[in-house]
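Reviewing the structure listed below.
In the UniProt record's numbering, the protein residues as written are 1 to 432.
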């Protein structure tokens, strides 16, 4: 059982997050760094709650696919400009943007990410409307705390498009969008125990498109004249289904078919498939991909078709910075809820993984209530991502993230620990 006494937070369960937070703090939950900073963060985010909810629902009501987040780009940049940030629209990419705030001279730079894109057919079924407003909330709360306590430093809130299959953060990373950040923070909703914030990792992945080229023929009159590209694709699919029995349970392989002018009385001369291979690390995902590739090639050989295999994008696993994660865990446990290492997006993948390899970073998951079998990438999770309970959970994890950011700005020794933790992790993973 989880600390909350339930396995997954369901819509009919208790939702009083304010009462829970109050009870935690009344039990002595003030064993945190500079509680006055956290109090200022609470006031800032609570005062913005109605505006943030309006923004979240606006984005949710206008779902946009990867690299098409025009509405989200415009409403988010407008919001940040209205709240005292210097905004650069169309930053490196058409739908990316950056909002910055600087106080004083010197100091460190806190990076934050806001995702914006939705999924085909099911809208914001991964809750990126919540990720978008979380980035905004964290940035605004850190800014308010910097102003109140005369803290020098810089905030860089990066609006990142195309997490769902477009690797937008990888593109931005290659273009230098993360270069000045000392750390980078973001979060992601998922099913989990009530008031739980998760510090799990995620899976790395390799994406691949596969095309089969055959020869058309009349399917009844002279089928022997054909080379059936659809048969090749089906055979590859079945090969991989058998391969799944021999891969580790920590790995995932999944794909779909794409047709082109198929009709039953013509032997198809073309078929396309899109596949994703996942593993705990990118090296492990690529090793499993090598075995999957053999399935593609065997199907071409058996059907006398030609095959073109195009691995075109990958994502890295999440490396949660230990020092940042420990600080987040302490804030959450003392003020807002519970920490777990099981839920979050442990079995999914994100383009933020590469960012965590490049610099100290943190990407906690946070639980929102959803129905049974209604997790990420379902219609039910689309509904869950617009509930008031999801909004409140999002604000709580945003408060904790802002607290982590302010500590980096104000605590030299802690920041040293953060950087050392990143270097130690780099040594453990072989220096990638």
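Even for Gly, the Cβ is constructed at its ideal location relative to N, Cα and C. The model shown is predicted, which means the values in this text are computed figures rather than measured ones.
Distance between residue j and residue i (C-alpha atoms, nearest Å)
i: residue 109; j: residue 302; result: 57 Å
i: residue 141; j: residue 402; result: 6 Å
i: residue 194; j: residue 353; result: 26 Å
i: residue 350; j: residue 287; result: 19 Å
i: residue 453; j: residue 76; result: For residue 453 there is no data in the structure shown, the boundaries of the chain being 1 and 432.
i: residue 102; j: residue 151; result: 10 Å
i: residue 410; j: residue 22; result: 26 Å
i: residue 13; j: residue 368; result: 11 Å
i: residue 178; j: residue 171; result: 11 Å
i: residue 274; j: residue 94; result: 26 Å
i: residue 138; j: residue 292; result: 41 Å
i: residue 2; j: residue 190; result: The pLDDT assigned to residue 2 is 47, lower than 50, so where the model puts this residue is not dependable; a value taken from the coordinates is nonetheless given after this. Answer to the nearest angstrom: the Cα atoms are 16 Å apart.
i: residue 4; j: residue 192; result: Only weak support is given to the placement of residue 4: the predicted model assigns it a pLDDT of 49, under 50, and the value that follows is read from those uncertain coordinates. So the alpha carbons of these two residues sit roughly 10 Å apart.
i: residue 17; j: residue 337; result: 8 Å
i: residue 255; j: residue 242; result: 14 Å
i: residue 257; j: residue 50; result: 43 Å
i: residue 217; j: residue 296; result: 23 Å
i: residue 220; j: residue 247; result: 40 Å
i: residue 429; j: residue 36; result: 38 Å
i: residue 146; j: residue 364; result: 23 Å
i: residue 328; j: residue 396; result: 11 Å
i: residue 176; j: residue 82; result: 26 Å
i: residue 19; j: residue 89; result: 40 Å
i: residue 344; j: residue 265; result: 48 Å
i: residue 199; j: residue 342; result: 8 Å
i: residue 426; j: residue 357; result: 8 Å
i: residue 25; j: residue 423; result: 34 Å
Residue span of the beta strand (DSSP E) that contains residue i, given as start and end
i: residue 358; result: No beta strand (DSSP E) contains residue 358, which is instead part of the alpha helix (DSSP H) from 352 to 358.
i: residue 134; result: Premise fails: residue 134 lies in the alpha helix (DSSP H), 128 to 149, not in any beta strand (DSSP E).
i: residue 88; result: 86 to 89
i: residue 99; result: 97 to 103
i: residue 113; result: 109 to 115
i: residue 14; result: Counting along the chain, residue 14 falls outside any beta strand (DSSP E), and DSSP gives it neither H nor E.
i: residue 250; result: Looking at the DSSP string, residue 250 is not in any beta strand (DSSP E), and its letter there is neither H nor E.
i: residue 338; result: 338 to 340
i: residue 365; result: 365 to 367
Proximity below 8 Å, CB of residue i to CB of residue j
i: residue 205; j: residue 315; result: yes
i: residue 183; j: residue 332; result: no
i: residue 300; j: residue 212; result: yes
i: residue 158; j: residue 228; result: no
i: residue 418; j: residue 360; result: yes
i: residue 119; j: residue 404; result: no
i: residue 476; j: residue 57; result: Nothing about residue 476 can be reported from this structure: the residues present for the chain run from 1 to 432 only.
i: residue 340; j: residue 203; result: no
i: residue 128; j: residue 163; result: yes
i: residue 324; j: residue 282; result: no
i: residue 41; j: residue 399; result: yes
i: residue 366; j: residue 394; result: yes
i: residue 126; j: residue 376; result: yes
i: residue 307; j: residue 210; result: yes
i: residue 69; j: residue 161; result: yes
i: residue 267; j: residue 223; result: yes
i: residue 133; j: residue 55; result: yes
i: residue 32; j: residue 334; result: yes
i: residue 226; j: residue 251; result: no
i: residue 239; j: residue 298; result: yes
Start-to-end residues for the alpha helix (DSSP H) that takes in residue i
i: residue 158; result: No alpha helix (DSSP H) contains residue 158, which is instead part of the beta strand (DSSP E) from 153 to 160.
i: residue 420; result: 412 to 428
i: residue 70; result: 70 to 82
i: residue 171; result: 168 to 174
i: residue 383; result: 379 to 384
Contact belief for residue i with residue j at Cβ below 8 Å, rounded distance in angstroms
i: residue 86; j: residue 96; result: In fact, because the Cβ distance is near 16 Å, the residues do not count as touching under 8 Å.
i: residue 294; j: residue 207; result: Actually they do not touch by this definition, with Cβ atoms about 18 Å apart.
i: residue 124; j: residue 389; result: The pair is not a contact, with the Cβ atoms about 16 Å apart (cut-off 8 Å).
i: residue 379; j: residue 59; result: Not a contact, Cβ separation roughly 18 Å.
i: residue 116; j: residue 72; result: 4 Å
i: residue 166; j: residue 270; result: With 8 Å as the limit, residue 166 and residue 270 do not qualify as a contact, their Cβ atoms being about 25 Å apart.
i: residue 174; j: residue 320; result: Not confirmed; about 23 Å, so no contact.
i: residue 355; j: residue 169; result: 6 Å
i: residue 214; j: residue 233; result: Contact doesn't hold; Cβ gap of about 10 Å is too wide.
i: residue 506; j: residue 371; result: Beyond the ends of the chain as shown, which are 1 and 432, falls residue 506; an answer cannot be given.
i: residue 322; j: residue 384; result: So it is not a contact: roughly 30 Å between Cβ atoms.
i: residue 181; j: residue 111; result: 3 Å
Cβ of residue i within 8 Å of any chain B Cβ
i: residue 351; result: No chain B is part of this structure, which consists of one protein chain only.
Residue ranges of each beta strand (DSSP E) run of no fewer than 3 residues wholly in the region 180 to 244, ordered along the chain? 183 to 185, 188 to 190, 196 to 198 and 204 to 213
Quick one: complete alpha helix (DSSP H) runs, 4+ long, within the region 20 to 66? 35 to 61
Tell me the start and end of each unbroken beta strand (DSSP E) in the region 254 to 325 that is at least 3 residues and wholly inside, in chain order. List check, beta strand (DSSP E) in window: 270 to 279 and 306 to 315.
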